[in-house]
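Have a look at the structure below before the remarks.
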Amino acid sequence: MITSKRRTLKKMGAFCFLALFTASAVLTTSNENKPGDFDLYFESSPGKQIELTMAEIEEINNRNYMTESVLKTAEATESERKSTKEDSLVNIGQQINLSTGIVEKETNRIDNNSETTEATERLLSPEFVYLTQTEKCLRPNVSHSLELYNRSKCRCDVLVLSYREECNEPRPRHFTYLFDNRTTWGTGRNKLFFHATKRNINYIYYIFLDDDISLRFNRQATPAMKKLSPIQVFQNWLLDYAPAVGLVDYEGRNEGKLVHLRKRNVCGRLQAKNRTVANPTIFFDPLFNAIHAKAVGHIYPLDTRYEKKNWWLTDKYLASAVEMKFRGQALLYFPLTVENGLHRPYPKSFLGTIVTWKKFIKRIQKQAPDHYKNHRLFKNFRKNPTLYVRRSRTYCMSITRHQEIIPYAHLEKQQPAKGSRILLNSLHHPYPMSCAGKREAQLESIHLSYEIRRT
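Read in order, the letters of the sequence shown are residues -28 to -1, 1 to 427 in mature numbering (1 follows the signal peptide of the UniProt record, and there is no 0).
Here it is as structure tokens:
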């Protein structure tokens, strides 16, 4: 009975709840935007609380998601930072390698530029300078014979002193003309020497020459030599041997043959058989000679005090200065011969030659260092210069490539021959009674007749 009543009450409660819910729905539909008492009541209802709880859970989930996102972002950022750091290290390494490569490349470029600069300097600073005198403009035959117009071939500069008229003709850029109508042969060469040394160009050889010469090969030239021009062969020999003074055979004096004969007479046949391309000599005609840059300042300027009367005397000073300062280093190169076909009038004489020659030797002796001034070689040479030239053992001295060029150094290394006094006392019998001696006498006679003919 009681159970049935309870069931009836539950049904009535459910019905009442349903009625209230229906009424609330109607009110909500009619007044959508106007909250009523029922809404207020419903906000505090258990359903609303459940809804709020679900929202909180969703918010928490959202926060957790955001936290996870932040953590993932942080992890990604850390990973990116590490990756960036590694990339940065790699980039730094690459930059270092690149910089090293750039430095090496730049260094190589600088080295190449240095080599280019050196090559350019060599081109701009030629190895040879030719110094000559002429009336007005240099003769074409000399320029063509020595290939002076082609700077790449001659490797040279050319200085020309005009002594009658100024030369206004077109000329190559490496030609320089000076003018002075008051000069002699020696003073003209001195003027050329001073002008060349003031240029501050590192020439290796100063080649002095007359303006009427030509070079040619002779019988001692080899087929290999003849593949080049005579002047190229001469220049190559100068650089190969580096003598203090470089000379060639002179046709007018047969100097090549004369040196061979003197070597045979003084040094003996055995040593004379050892033929070489060059040999030391003493006296030479200065129409064509090359003087090393280390020696030229000790030989020039020439002593020209006697040129008003005799230009030949200057030759004696030149030969004496070379012999006393650089004995054995004036080399005559046998395969080439120099010729000259033009003879002009100028002061010349044999009078007073020996007296003046002795004065030259005495002057050179005074220029020597104190510990060399009393050396016997000066005394022997000054006692009889002509006999010294014929009988000196200079012709027997050995040749050394690139020997140091130091004035008077030979006086320290070598002593005069023991038989020099006997040779000097044999002035009245200068030639031994042999075929070689007779031939030498004949050549000396030829020299004398040639000099007389030039007068």
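Note that beta-carbon positions come from the ideal geometry of N, C-alpha and C, so glycine has one too.
As the structure is a computational prediction, the values presented were derived from the model and not from experiment.
With contacts defined as CB atoms closer than 7 Å, F353 and I333 qualify as a contacting pair. Comparing C-alpha distances from K351 to each of L383, E99, R136, Y278 shows the shortest one belongs to L383.
In the three-state reduction of the DSSP assignment, L187 falls in the strand class.
Here A302 is buried. Its C-beta has 16 or more other C-beta atoms within 10 Å. Q337 and H270 have their C-alpha atoms some 13 Å from each other. When only Cα atoms are considered, Y178 and L211 end up about 12 Å apart.
Less than 7 Å separates the beta-carbon of V101 from that of A168. Counting only residues of its own chain and dropping the five nearest sequence neighbours on each side, T309 has a CB closer than 6 Å to the CB of R188, N190, D221, E223.
Only residues of its own chain outside the window of five on either side were considered, and among them Y135, R136 have a CB closer than 8 Å to the CB of N153, listed in chain order. Counting every other CB atom within 10 Å of its CB across the protein chains shown gives S115 a total of 16 or more, marking it as buried.
In the pairwise beta carbon analysis, the stretch 281 to 292 is classified as touching the stretch 253 to 265: at least three pairs are separated by under 8 Å. Residue burial is scored here from C-beta neighbours: S364 has at least 16 other C-beta atoms within 10 angstroms and is therefore classed as buried.
Excluding five sequence positions before and after K266, the CB atoms of its chain that fall closer than 6 Å to its own CB belong to I377, given in chain order. The DSSP-derived three-state label of G218 is strand. Leaving aside the five residues that flank I185 on each side, the residues in its chain whose CB is nearer than 7 Å to its CB run, in chain order, V114, L259, F260, V310, E311, N312.
F147 is positioned such that its CB atom lies no closer than 7 Å to that of R161. Secondary structure of S292 (DSSP, three-state): helix. When the five nearest sequence neighbours on each side are left out, the beta carbons in the same chain lying within less than 7 Å of the beta carbon of Q192 are those of F306, P307, in order along the chain.
Burial check for P195: the Cβ neighbour count within 10 Å stays below 16, so the residue is exposed. In this structure, L120 sits away from L133, with a CB-CB distance that is not shorter than 7 Å.
Counting only runs of 3+ residues, the beta strand (DSSP E) found wholly inside the stretch 126 to 172 occupies 128 to 134, 147 to 151, in chain order. In this structure, the beta-carbon distance from Y213 to R373 falls below 7 Å.
Cβ atoms of I173 and S124 stay farther apart than 8 Å, at about 17 Å. Inter-residue distance for S117 and Y344 is about 43 Å (C-alpha atoms, whole angstroms). About 7 Å separates the beta carbon of C126 from that of I203, a gap short enough to meet the 8 Å contact definition. Taking C-alpha positions only, E99 is separated from P142 by approximately 24 Å. Between Q105 and R225, the alpha-carbon positions lie close to 22 Å from each other. Between L103 and K330, the alpha-carbon positions lie close to 28 Å from each other.
The three-state reading of DSSP puts H264 in strand, counting E and B together. Take the alpha-carbon of C239 and the one of N122: they are about 43 Å apart.
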